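Asker: What follows is a structure written as structure tokens; I'll ask about it next.
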Amino acid sequence: MKKSSNKKNLIYGKNVVENVIINFHNQIKEIYILKGYAFSQEAYSIIKKYNIKWTSCEKETFSKFIQEKVTHQGIIAEVKQFQYSKLDDIIDYSNTQQTILILDRIQDPNNFGAIIRTSSLFDVTGIIILDHNQVDVTPTVVKASAGAIYCTPIVKVSNISNVINVLKEKGYWIYCSLLTEESISINELKFDKKTAIVLGSEGEGVLKKNASHSDFCFKIPTSNKINSLNVSVAAGIILYERSKQN
1 MKKSSNKKNL IYGKNVVENV IINFHNQIKE IYILKGYAFS QEAYSIIKKY
51 NIKWTSCEKE TFSKFIQEKV THQGIIAEVK QFQYSKLDDI IDYSNTQQTI
101 LILDRIQDPN NFGAIIRTSS LFDVTGIIIL DHNQVDVTPT VVKASAGAIY
151 CTPIVKVSNI SNVINVLKEK GYWIYCSLLT EESISINELK FDKKTAIVLG
201 SEGEGVLKKN ASHSDFCFKI PTSNKINSLN VSVAAGIILY ERSKQN
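Throughout the sequence shown, residue numbering follows the UniProt record's numbering, covering 1 to 246 in sequence.
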């Protein structure tokens, strides 16, 4: 999450905050809870065990922490600055079934968060995003990920085509989700090698120059009643298909 001199890195919502408390307590700096609300017993036991600082607030004080329109459910946590990973951190030379996601200009924070959440469920090794024209890790992204933002390393790069070529040199097969007549059905693919899957932006899809560097371009068969699937839904389908072949 981006941090300015005046803003804290805050996450909102009982389920999200408690998930981070229980599973990633070392990311928590301080918790603010609105008077009249309570932690779950499990979360409170973690707070006590690790002596996590928390404050019970009156409504007027609590409202000062709200930086954007969110559903806070009476609980807010200040977390450490999110740490992006390096490309070398997510390349596993020994794992032939490794899966990496490459996101080409995802703008919607809810889609980004949902993709992160799904990735954590299917053991994705890492997610690669652009350092421009791409939503950053924000409180909305954290909430949409249900706190799974800390499960999967995220790498920022300046050029997706270059990263695709680097991964190919490292033995990865590149699969690009692209809705064209030439694209083959996902049902025809074999995910039997180290895999990197490219997913495109909500409006434009994967850029042609990035698709041209891929080994396969594929699509998900549908009834054709709509143009395309939501990118986070597509990610779930693709990762499920990949998992069936492991």
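Glycine included, C-beta positions come from ideal geometry on N, C-alpha and C. Note that the coordinates shown come from a computational prediction; the quantities given were computed from them, not determined experimentally.
Got a sec? Which residues, its chain only, sit under 8 angstroms from Glu182 by beta carbon, not counting five neighbours each side?
Answerer: Your numbering for residue 182 matches position 182 in the sequence shown. Contacts found: Cys217.
Asker: Considering only the alpha carbon of each residue, which of Ile100, Lys190 and Ile106 lies closest to Lys170?
Answerer: For the purposes of this step, residue 170 is taken as the residue at position 170 of the sequence shown. Answer by Cα proximity: Ile100.
Asker: Is the distance from the Cβ of Lys194 to the Cβ of Gln98 below 8 angstroms?
Answerer: Taking the sequence shown and counting its residues from 1, the one referred to as residue 194 is at position 194. Taking the sequence shown and counting its residues from 1, the one referred to as residue 98 is at position 98. Their beta carbons are under 8 angstroms apart, which means Lys194 touches Gln98 by this criterion.
Asker: Using only the alpha-carbon positions, how far apart do Thr140 and Tyr32 sit?
Answerer: Looking up residue 140 in the sequence shown gives position 140. Looking up residue 32 in the sequence shown gives position 32. Rounded to whole angstroms, Thr140 to Tyr32 spans 18 angstroms at the Cα level.
Asker: Output the boundary residues of the alpha helix (DSSP H) element that contains residue 247.
Answerer: Limits of the chain in this structure are 1 at one end and 246 at the other, which puts residue 247 out of reach.
Asker: Closest by CA to Leu87, which one among Thr96, Val79, Ile102 and Asn95?
Answerer: Within the sequence shown, numbered from 1, the residue matching residue 87 stands at position 87. For Leu87, the nearest C-alpha among the options comes from Ile102.
Asker: Taking the alpha-carbon positions, what's the Glu30 to Ile129 distance?
Answerer: Counting from one through the sequence shown, the residue named residue 30 turns up at place 30. Counting from one through the sequence shown, the residue named residue 129 turns up at place 129. Cα-Cα distance, rounded: 29 angstroms.
Asker: Can you find the residues in the same chain that come closer than 7 angstroms, C-beta to C-beta, to Ser4, ignoring five residues on each side of it along the sequence?
Answerer: To locate residue 4, count along the sequence shown from 1; it is residue 4. Annotation note: pLDDT 41 at Ser4 (below 50); position unreliable, coordinate value reported separately. Contacts found: none.
Asker: Extract the residue ranges of the alpha helix (DSSP H) inside the region 121 to 202, only unbroken runs of 4 or more that lie entirely within it.
Answerer: Here the runs fully enclosed are 139 to 144 and 160 to 169.
Asker: What are the partner residues of Ile100, as DSSP defines its beta bridges?
Answerer: Residue numbering aside, residue 100 sits at position 100 when the sequence shown is read from its first letter. Per DSSP, Gly126 and Ala196.
Asker: If you run the structure through DSSP and keep just helix, strand and coil, what is Gly61?
Answerer: As a first step, residue 61 is located in the sequence shown; it is residue number 61 there, counting from the start. It should be noted that the sequence gives Thr, not Gly, for residue 61. If DSSP states are grouped into helix, strand and coil, Thr61 belongs with the helices.
Asker: Mapping the DSSP letters down to three states, classify Gly205 as helix, strand or coil.
Answerer: Residue 205 sits at position 205 when you count from the first residue of the sequence shown. Gly205 falls in the strand class under three-state DSSP.
Asker: For Glu24 and Tyr150, I'd like the C-alpha separation in whole angstroms.
Answerer: Your numbering for residue 24 matches position 24 in the sequence shown. Your numbering for residue 150 matches position 150 in the sequence shown. This sequence places Phe at residue 24; Glu is not what is there. So the alpha carbons of these two residues sit roughly 7 angstroms apart.
Asker: Just curious, the alpha helix (DSSP H) that Ala43 is in, first and last residue?
Answerer: Indexing the sequence shown from 1 puts residue 43 at position 43. Segment Gln41 to Lys49, the alpha helix (DSSP H) holding Ala43.
Asker: Mapping DSSP to helix, strand and coil, what is Ser85?
Answerer: Taking the sequence shown and counting its residues from 1, the one referred to as residue 85 is at position 85. Strand.
Asker: State yes or no: is the C-beta of Val16 within less than 8 angstroms of the C-beta of Ala146?
Answerer: For the purposes of this step, residue 16 is taken as residue 16 along the sequence shown, with counting starting at 1. For the purposes of this step, residue 146 is taken as residue 146 along the sequence shown, with counting starting at 1. Yes. Within cutoff.
Asker: Among Asn246, Leu178 and Leu229, which residue has its Cα nearest to the Cα of Lys190?
Answerer: Residue mapping note: residue 190 aligns to position 190 of the sequence shown, counting from 1. Minimum Cα distance to Lys190 is reached at Asn246.
Asker: Would you mind working out which of Phe112, Asp123 and Ile127 sits nearest Arg242, comparing C-alpha positions?
Answerer: On the sequence shown, position 242 is the one that residue 242 refers to. The residue with the shortest Cα to Cα distance from Arg242 is Asp123.
Asker: Would you report the Cα separation of Lys49 and Leu239, rounded to the nearest angstrom?
Answerer: Here residue 49 corresponds to residue number 49 of the sequence shown, with the count starting at 1. Here residue 239 corresponds to residue number 239 of the sequence shown, with the count starting at 1. For Lys49 and Leu239, the distance between alpha carbons rounds to 37 angstroms.
Asker: Out of Ile21, Lys219, Gln134 and Glu42, which one is the CA nearest neighbour of Ile184?
Answerer: Here the question's residue 184 lines up with position 184 in the sequence shown. The shortest Cα separation from Ile184 among Ile21, Lys219, Gln134 and Glu42 belongs to Lys219.
Asker: Please identify the residue among Ile28, Ile46 and Thr55 whose C-alpha is closest to the C-alpha of residue 324.
Answerer: In this structure the chain extends from 1 to 246, so residue 324 is not present and cannot be described.
Asker: For Pro109, is the classification buried or exposed, using 16 other Cβ atoms within 10 angstroms of its Cβ as the cut-off for buried?
Answerer: As a working note, residue 109 is residue 109 in the sequence shown. The residue is buried, with at least 16 neighbouring Cβ atoms inside 10 Å.
Asker: For the region 194 to 214 against the region 171 to 178, do three or more pairs of beta-carbon atoms, one drawn from each stretch, fall closer than 8 angstroms, so that the two count as touching?
Answerer: Yes, the region 194 to 214 is in contact with the region 171 to 178.
Asker: Have a look at Ile116 and Glu78 and give me their C-alpha separation to the nearest angstrom.
Answerer: Looking up residue 116 in the sequence shown gives position 116. Looking up residue 78 in the sequence shown gives position 78. When rounded, the distance between both Cα atoms is 20 angstroms.
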